[in-house]
């Protein structure tokens, strides 16, 4: 039902089912990253009247922190994971702070080395309950004076800048159009991986193509 993408890695469309309404992805912290995309797989729908909250748990902490949510009308979202840096022995020392949100302004001690796989949890809940949690999250972010402590950054770019939500919708739309070309509701995972390879190549050749308005 759910998929997860991290740039430079194969897409993951096989989360562990914890219960009928709870799922979890396990993400190795290496190589470092700072964004994840969570989305509903094409052709799937949540039960009526529900939405899904997305959480992250970063070892050694056992706490799951709310990142945001997806659901009807918002089938995908990009989340920024902050406050983490690569642990000792990282393959590229220059990427040591690649998982830190604004490392130059982050307070001392705000980052921690990851001691194991990062967990991304997804919980299907009543839509009203999800909306209430997201409203609380948005309120707490609005009152946060230090942007480096926010798990999800609000879009405060200049007028006309493409928002994170729009970019996420365009990424998934690009994937859906590619997969729909197979003319079947059942699409092999390899086809999804082929799309990701082509998508990465297109981003490499033209990084701004998603920012331009598309019909």
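Residue numbers (full-length UniProt numbering): 1 to 215.
Positions of the beta carbon are idealized from the N, C-alpha and C atoms, including for glycine.
{"Check": "Evaluate contact between the region 116 to 127 and the region 14 to 26, counting only Cβ atoms and requiring at least three cross-stretch pairs below 8 Å.", "Outcome": "yes"}
{"Check": "Less than 8 Å between CB atoms is the rule here; does residue 33 satisfy it with respect to chain D?", "Outcome": "Here there is only one protein chain, and chain D is not present."}
{"Check": "Per DSSP, residue 50 is paired with what?", "Outcome": "126"}
{"Check": "Just verifying my parser: in three-state terms, what is the DSSP assignment at residue 7?", "Outcome": "coil"}
{"Check": "How close, in whole Å, do the beta carbons of residue 2 and residue 38 come, if the pair is a contact with beta carbons under 8 Å?", "Outcome": "7 Å"}
{"Check": "Which residues share a DSSP beta bridge with residue 79?", "Outcome": "36"}
{"Check": "With distances taken from CA atoms, which of 136, 133, 62 and 70 is nearest residue 44?", "Outcome": "70"}
{"Check": "Are there 16 or more other CB atoms within 10 angstroms of the CB of residue 76, so buried, or fewer, so exposed?", "Outcome": "buried"}
{"Check": "What does the alpha-carbon distance come out to for the pair residue 135 and residue 10?", "Outcome": "32 Å"}
{"Check": "Less than 7 Å separating the Cβ of residue 53 from some heavy atom of the ligand FMN?", "Outcome": "Looking at this structure, you won't find the ligand FMN or any other ligand, since it has none at all."}
{"Check": "What's the gap between the Cα of residue 62 and the Cα of residue 116?", "Outcome": "11 Å"}
{"Check": "What three-state label does DSSP hand residue 99 in the structure shown?", "Outcome": "Unreliable placement is indicated for residue 99, whose pLDDT of 33 sits below 50; the coordinate value is still reported in the next sentence. Correct three-state label for residue 99: coil."}
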